[in-house]
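**Q** Heads up: the sequence lines are chains Y and Z, in that order.
For the record, in the first sequence the residue sitting at position 195 is 209 according to our numbering, with numbers rising by one throughout.
For the record, in the second sequence the residue sitting at position 420 is 434 according to our numbering, with numbers rising by one throughout.
Note that beta-carbon positions come from the ideal geometry of N, C-alpha and C, so glycine has one too.
Protein chains: 2
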Amino acid sequence: MARLVVIGGGAAGMSAASAARRVDPGLEVVVCEAGGFAAYGMCGIPYYLGGIVPEAEDLVAYPPSTFREKRGIDLRLRTRVTAIDPGARQVRLAAGTGAAEDQESLTYDALVVTSGADPVRPPVPGLDEPHVFTIRSLDEAIGLRRLLASGTIRRAVVVGAGYIGLEAAEALVCAGVAVDVVEALPGVLGTVDEPIAALAQAELERHTRLWLGARLEAVDKGSTPAGSLTAVVDGGEIPADLVVIAVGVRPATDLLIQAGAGHLPDGSVVVDAGMRTSLPDVFAAGDAVALPHLVLGRPAWVPLGPAANKTGRVAGTVAAGGTAAFRGVVGTAVVKVFDLEVARTGLGLADAQAAGLDAVATDEVSRSRAKYYPGGSPLHVRLVHTRDGRLLGGQIAGREGAAKRVDVLATALHAGFTVDDVAALDLSYAPPFAPVYDPVLAAAIKAARGLAALTAGGSP
Amino acid sequence: MARLVVIGGGAAGMSAASAARRVDPGLEVVVCEAGGFAAYGMCGIPYYLGGIVPEAEDLVAYPPSTFREKRGIDLRLRTRVTAIDPGARQVRLAAGTGAAEDQESLTYDALVVTSGADPVRPPVPGLDEPHVFTIRSLDEAIGLRRLLASGTIRRAVVVGAGYIGLEAAEALVCAGVAVDVVEALPGVLGTVDEPIAALAQAELERHTRLWLGARLEAVDKGSTPAGSLTAVVDGGEIPADLVVIAVGVRPATDLLIQAGAGHLPDGSVVVDAGMRTSLPDVFAAGDAVALPHLVLGRPAWVPLGPAANKTGRVAGTVAAGGTAAFRGVVGTAVVKVFDLEVARTGLGLADAQAAGLDAVATDEVSRSRAKYYPGGSPLHVRLVHTRDGRLLGGQIAGREGAAKRVDVLATALHAGFTVDDVAALDLSYAPPFAPVYDPVLAAAIKAARGLAALTAGGSP
Chain Y
15 MARLVVIGGG AAGMSAASAA RRVDPGLEVV VCEAGGFAAY GMCGIPYYLG
65 GIVPEAEDLV AYPPSTFREK RGIDLRLRTR VTAIDPGARQ VRLAAGTGAA
115 EDQESLTYDA LVVTSGADPV RPPVPGLDEP HVFTIRSLDE AIGLRRLLAS
165 GTIRRAVVVG AGYIGLEAAE ALVCAGVAVD VVEALPGVLG TVDEPIAALA
215 QAELERHTRL WLGARLEAVD KGSTPAGSLT AVVDGGEIPA DLVVIAVGVR
265 PATDLLIQAG AGHLPDGSVV VDAGMRTSLP DVFAAGDAVA LPHLVLGRPA
315 WVPLGPAANK TGRVAGTVAA GGTAAFRGVV GTAVVKVFDL EVARTGLGLA
365 DAQAAGLDAV ATDEVSRSRA KYYPGGSPLH VRLVHTRDGR LLGGQIAGRE
415 GAAKRVDVLA TALHAGFTVD DVAALDLSYA PPFAPVYDPV LAAAIKAARG
465 LAALTAGGSP
Chain Z
15 MARLVVIGGG AAGMSAASAA RRVDPGLEVV VCEAGGFAAY GMCGIPYYLG
65 GIVPEAEDLV AYPPSTFREK RGIDLRLRTR VTAIDPGARQ VRLAAGTGAA
115 EDQESLTYDA LVVTSGADPV RPPVPGLDEP HVFTIRSLDE AIGLRRLLAS
165 GTIRRAVVVG AGYIGLEAAE ALVCAGVAVD VVEALPGVLG TVDEPIAALA
215 QAELERHTRL WLGARLEAVD KGSTPAGSLT AVVDGGEIPA DLVVIAVGVR
265 PATDLLIQAG AGHLPDGSVV VDAGMRTSLP DVFAAGDAVA LPHLVLGRPA
315 WVPLGPAANK TGRVAGTVAA GGTAAFRGVV GTAVVKVFDL EVARTGLGLA
365 DAQAAGLDAV ATDEVSRSRA KYYPGGSPLH VRLVHTRDGR LLGGQIAGRE
415 GAAKRVDVLA TALHAGFTVD DVAALDLSYA PPFAPVYDPV LAAAIKAARG
465 LAALTAGGSP
């Protein structure tokens, strides 16, 4: 019987295993997961930490028994792969990691690698102190939540103000902890442009103490009674009982690269539409791979949950002999920053200009509901587009209605729409849900008018 | 000086007048509005009746003084036009309606007709009783709200369970009135398919008493102490202090048709992309006109607020010598039915089949947020598509997140997408806002799989 081995039991890995099983019920499917949990929603970890999600098990989409018994998938937890040998079609397993029958290696007919991304650890001393965490696995989150529940954590420093840092900060505030956020860059949330980031920053500052342009230099054992640790930054020293490192992630592709798989300079592995790597019968999916960016027109590394699920499904389908293709991403993401929704898709202005596009941005603030209908709030919409009108990206921030409105712009990016096309969209209207000109339309109309004025008055 | 006359001071008319003023600051712009208010949000009337919007003036986007003083628009309230004479380029005014200088007619160089739609009055006796209302103008709504505030209205009958009927029922319940809803058809909300309408019906039944398949036969003076009126329906007699007639609207195009304007059999007036009617220098916009339906591929009468605003703007721009075009609609609409959002776009299954399309529907229920995140609720998504996968329409109902998700489907219709294209969309994800497979994606994936199975297993 042919054997499919899947490395990684996260969203991509379990999607791959399940898809492969559907395509070929006779295939032996083995999943090697280094941690103690599989098929859990990694994006839910901050909400588990904050106590909004009561139990770690709530994040698990399906228990291991579902995979083992109902789907016939040989799911091996605490089983770490240490090497891939594409010549021998084998993966080597770490000694004593609980692999079935103490196997030291597993042969495969097809291999799907979903090794994900690892948190970046800044090269500073003190990160091995016991109360220093990254938030990348449920195992680690369980330890952190236990610590929070102990009542000994009163002050925390979150290093990094990207998606994960902001969500971690919110979670800790939810858990009753006073939080300092330390960010080396001059602003928060580098994935959105300045006017949108400024809104996120203001919201963050309502709930935490924010240190911008402050680089972490060390984590020391605490010297003051206020905290058991001290985060040393170039602007000062911050006493803390807990330090969370959230300065970003990088592709966890050492195994693939050591085995010879083609990759981008950032370490993300290159795949085709069927998620095939450059190695024979080796597929990759999830946060480890570069994906076609439909606006940039080239592969880019944009590690986000929906694509992890979808690419896992494609890899498993194709690895098992079925047909599937992943078309690409436009870089859509949303983050809840306390009471603010911040959503983005496509290219930011700087991204677009860096890509050599003649890009401009149009900003428009309108309301989430008809102005006379109670409960509405301002929505800041930024459209990034070329000077001849092609939509390149969009960003929306506000207290309600940003997340799903950015999906209209994402869909417009998939369609290759201009701002005129967006302005002509027939979007839903009723006073409780939108003004008669939806904020997306209002921004597109403004952008289209600006370009028309440019054409009418400008030199060629 | 050339003169533009606009008939109607609603959304379309005031959009036309303002757009014309922007294009040609030297143009004389006269707006004749039969009622006492201009530029108000007609869709807000139910919320004013229910007390959610405190004052009638809150619905007025700009006061008359803004148009008169800031925009130089000669806005004439309580000025009714009784005829259009396209040969003489004149409109005739009703005697003594407050027209400036008691003019009996006005000549025009260009005319924009935004006469809207009138409520249909069923041909039954008793509709002239004092407590029988339609809800189509703010003047009438002010009278009704005054009546509600008098404390004498304890029971109401709403005749018709379309958008306006459902919104009126909600408003009256909000105002503390016990409501019976009477609908001649076997179900509510004929603009959505049965599974979606059933959800609206269940929600309506939680708050009102619903009579389906019950045709209004008469409104009698009350014979019981329970109400001052009796609504006689074929299933019984319903005592009431108030009857609201909301059985639909029809194009208010008598003036245009008498003047010879081309129109569809339903009375909606035919226009080109610049909103020109078949009469020289006569434009029309708003709820009176048929618009290109981009899914049907022919003009259709779909009277909704956003298109009224947009077509008014186009008509005014072109009438004043500028350039603009209206591309068309896909029939997107949303209604709040108590705690339920019901949204639709494109064609329903029956519409599609009636149009000769080989259409099928796919239904999928998923959640509005990640399943472990609190506050989510089920979303029922129905996709209507051809057997070869072209998206024709979509309908979504749920307690949150239906309205703006249908906009993704509306955008997909504008783009001419297939269900495969929709399944490949990169939509936003974070646990508070969506599951990792957004309900729209989940439905599209199910539809695409169903079609693939059909192709794989079916005969040609």
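Quick check on the DSSP output: the beta strand (DSSP E) that includes Y/S6 runs from which residue to which?
**A** Outside the displayed span of chain Y (15 to 474) sits residue 6 of chain Y, for which this structure offers no information.
**Q** So with CB distances below 9 Å, who are the chain Y contacts of Z/D365?
**A** Along the second sequence, one-based indexing puts residue 365 of chain Z at 351. What Z/D365 touches in chain Y: nothing, since even the nearest Cβ is about 15 Å away.
**Q** Take Y/T331 as the anchor and find which of Y/R312, Y/P209, Y/A275 and Y/D295 has the nearest alpha-carbon.
**A** Taking the first sequence and counting its residues from 1, one reaches residue 331 of chain Y at position 317. Minimum Cα distance to Y/T331 is reached at Y/D295.
**Q** Please name the residue or residues paired with Z/T244 in a DSSP beta bridge.
**A** Here residue 244 of chain Z refers to the residue found at position 230 when the second sequence is read from its first residue. BP columns for Z/T244 point to Z/D234 and Z/P253.
**Q** Check the Cβ-Cβ distances between Y/A113 and every residue of chain Z, and say whether any is below 9 Å.
**A** As a first step, residue 113 of chain Y is located in the first sequence; it is residue number 99 there, counting from the start. Since pLDDT at Y/A113 reaches only 49, below the 50 mark, its modelled position is unreliable, and no value is offered.
**Q** Do you know whose CA, among Z/K84, Z/Y54 and Z/P100, lies nearest Z/T91's CA?
**A** Here residue 91 of chain Z refers to the residue found at position 77 when the second sequence is read from its first residue. At residue 91 of chain Z the sequence reads Leu, which differs from the Thr that was named. For Z/L91, the nearest C-alpha among the options comes from Z/Y54.
**Q** Throw me the rounded Cβ distance for the Z/V303 and Z/V316 pair, which I believe falls under 8 Å.
**A** Residue mapping note: residue 303 of chain Z aligns to position 289 of the second sequence, counting from 1. Residue mapping note: residue 316 of chain Z aligns to position 302 of the second sequence, counting from 1. With a Cβ gap of about 10 Å, Z/V303 and Z/V316 do not count as contacting.
**Q** With distances taken Cα to Cα, identify the nearest neighbour of Z/T425 among Y/V398, Y/R401 and Y/V454.
**A** Residue 425 of chain Z sits at position 411 when you count from the first residue of the second sequence. Closest by alpha carbon: Y/V454.
**Q** Could you check the C-alpha separation between Z/V138 and Z/A198 for me, to the nearest Å?
**A** In the second sequence, residue 138 of chain Z corresponds to position 124, counting from 1. In the second sequence, residue 198 of chain Z corresponds to position 184, counting from 1. Near 14 Å, if we compare the C-alpha coordinates of Z/A198 and Z/V138.
**Q** In chain Z, what lies closer than 9 Å to Y/H221 by C-beta?
**A** Sequence index remark: in the first sequence, residue 221 of chain Y carries index 207 (1-based). Those do not exist, as Y/H221 stays about 16 Å from chain Z at its closest Cβ, beyond 9 Å.
**Q** Of all the CB atoms in chain Y, is at least one closer than 9 Å to the CB of Z/F352?
**A** One-based indexing of the second sequence puts residue 352 of chain Z at position 338. Not one chain Y Cβ lies under 9 Å of Z/F352.
**Q** Can you check the segment 301 to 384 of chain Z for any alpha helix (DSSP H) of at least 4 residues that lies completely inside it and give the ranges in chain order?
**A** Correct list: 319 to 333 and 363 to 368.
**Q** Would you report the Cα separation of Z/G281 and Z/S29, rounded to the nearest angstrom?
**A** Locating residue 281 of chain Z in the second sequence gives position 267, where the first residue counts as 1. Locating residue 29 of chain Z in the second sequence gives position 15, where the first residue counts as 1. Approximately 23 Å between the Cα atoms of the pair.
**Q** Under a three-way DSSP split, which group does Y/D286 fall into?
**A** Locating residue 286 of chain Y in the first sequence gives position 272, where the first residue counts as 1. DSSP places Y/D286 in coil when its eight states are reduced to three.
**Q** For the segment 142 to 169 of chain Y, list every residue whose C-beta sits within 7 Å of some C-beta in chain Z, in sequence order.
**A** Under the 7 Å Cβ criterion, the segment 142 to 169 of chain Y contributes no residue.
**Q** Take Y/Y387 as the anchor and find which of Z/C46, Z/P68, Z/V45 and Z/S129 has the nearest alpha-carbon.
**A** In the first sequence, counting from the first residue as 1, residue 387 of chain Y sits at position 373. Of the candidates Z/C46, Z/P68, Z/V45 and Z/S129, the one whose C-alpha sits nearest the C-alpha of Y/Y387 is Z/P68.
**Q** Check whether the Cβ of Y/E42 lies closer than 9 Å to any Cβ atom in chain Z.
**A** As a first step, residue 42 of chain Y must be located in the first sequence, where it is residue number 28. So no, Y/E42 is outside the interface.
**Q** Since Y/L41 is in the alpha helix (DSSP H), which residue starts that stretch and which ends it?
**A** One-based indexing of the first sequence puts residue 41 of chain Y at position 27. Segment: none, Y/L41 is in no alpha helix (DSSP H) and carries neither H nor E.
**Q** Select from Y/E251, Y/V202 and Y/G288 the residue whose C-alpha is nearest the C-alpha of Y/A339.
**A** Within the first sequence, the letter at position 325 stands for residue 339 of chain Y. Comparing Cα-Cα distances from Y/A339 to each of Y/E251, Y/V202 and Y/G288, the minimum goes to Y/G288.
**Q** In whole angstroms, what is the alpha-carbon distance linking Y/L475 and Y/L243?
**A** Nothing about residue 475 of chain Y can be reported from this structure: the residues present for chain Y run from 15 to 474 only.
**Q** Please list the terminal residues of the continuous alpha helix (DSSP H) segment that includes Y/G157.
**A** Within the first sequence, numbered from 1, the residue matching residue 157 of chain Y stands at position 143. It spans L152 to A163 - the alpha helix (DSSP H) in which Y/G157 sits, taken as one unbroken run.
**Q** Taking 8 Å as the cut-off, does the segment 417 to 433 of chain Z touch the segment 354 to 366 of chain Z (at least 3 CB pairs, one atom from each stretch)?
**A** Short answer: they touch.
**Q** Measure the beta-carbon distance from Y/D255 to Y/I149 and round it to whole angstroms, keeping in mind my assumption that it falls under 8 Å.
**A** The count along the first sequence starts at 1 and reaches residue 255 of chain Y at position 241. The count along the first sequence starts at 1 and reaches residue 149 of chain Y at position 135. No, Y/D255 and Y/I149 are not in contact; Cβ-Cβ is about 16 Å, not under 8 Å.
**Q** Counting only Cβ-Cβ distances shorter than 9 Å, please list the residues of the segment 31 to 57 of chain Y near chain Z, keeping chain order.
**A** Listed by position, the residues of the segment 31 to 57 of chain Y near chain Z (Cβ gap below 9 Å) are G55 and C57.
**Q** Anything in chain Y within Cβ reach of Z/G330, meaning under 9 Å, just list it in chain order.
**A** Here residue 330 of chain Z refers to the residue found at position 316 of the second sequence. What Z/G330 touches in chain Y: nothing, since even the nearest Cβ is about 15 Å away.
**Q** So if I threshold CB-CB distances at 9 Å, which residues from the segment 201 to 228 of chain Y count as touching chain Z?
**A** Per Cβ criterion, the list is empty.
**Q** How is Z/S292 classed by DSSP in three states: helix, strand or coil?
**A** Taking the first residue of the second sequence as position 1, residue 292 of chain Z is located at position 278. Z/S292 falls in the coil class under three-state DSSP.
**Q** By the DSSP assignment, the alpha helix (DSSP H) with Z/I271 in it spans what residues?
**A** Indexing the second sequence from 1 puts residue 271 of chain Z at position 257. Unbroken alpha helix (DSSP H) run through Z/I271: D268 to Q272.
**Q** What are the boundary residues of the beta strand (DSSP E) that includes Y/T425?
**A** By 1-based counting over the first sequence, the position of residue 425 of chain Y is 411. Element bounds for Y/T425: not the beta strand (DSSP E) but the alpha helix (DSSP H), A416 to A429.
**Q** Would you kindly report the start and end of the unbroken alpha helix (DSSP H) that includes Z/I87?
**A** On the second sequence, residue 87 of chain Z is found 73 positions in, with the first residue counted as 1. Looking at the DSSP string, Z/I87 is not in any alpha helix (DSSP H); the run it does join, the beta strand (DSSP E), is I87 to R90.
**Q** Any beta carbon of chain Z sitting closer than 9 Å to that of Y/F431?
**A** Locating residue 431 of chain Y in the first sequence gives position 417, where the first residue counts as 1. Yes, Y/F431 counts as interfacial toward chain Z.
**Q** Applying the 10 Å Cβ sphere with the 16-neighbour rule, what's the burial state of Z/D365?
**A** Taking the first residue of the second sequence as position 1, residue 365 of chain Z is located at position 351. Under this definition Z/D365 is a buried residue.
**Q** Quick one: is Z/R220 buried, meaning 16 or more other Cβ sit within 10 Å of its Cβ, or exposed?
**A** Translated into the one-based positions of the second sequence, residue 220 of chain Z becomes position 206. The residue is exposed, with fewer than 16 neighbouring Cβ atoms inside 10 Å.
**Q** So which residues on chain Z does Y/A426 lean against when the C-beta distance must stay under 9 Å?
**A** Start at 1 with the first residue of the first sequence, and residue 426 of chain Y comes out as number 412. By Cβ distance, chain Z contributes T425, H428 and A429.
**Q** Tell me, please, which residues DSSP counts as bridged to Y/V95.
**A** To locate residue 95 of chain Y, count along the first sequence from 1; it is residue 81. Per DSSP, Y/L107.
**Q** Going by DSSP, what residues sit across from Z/H394 in a beta bridge?
**A** The count along the second sequence starts at 1 and reaches residue 394 of chain Z at position 380. In the DSSP output, where bridge partners are listed per residue, Z/H394 has Z/V379 and Z/A411.
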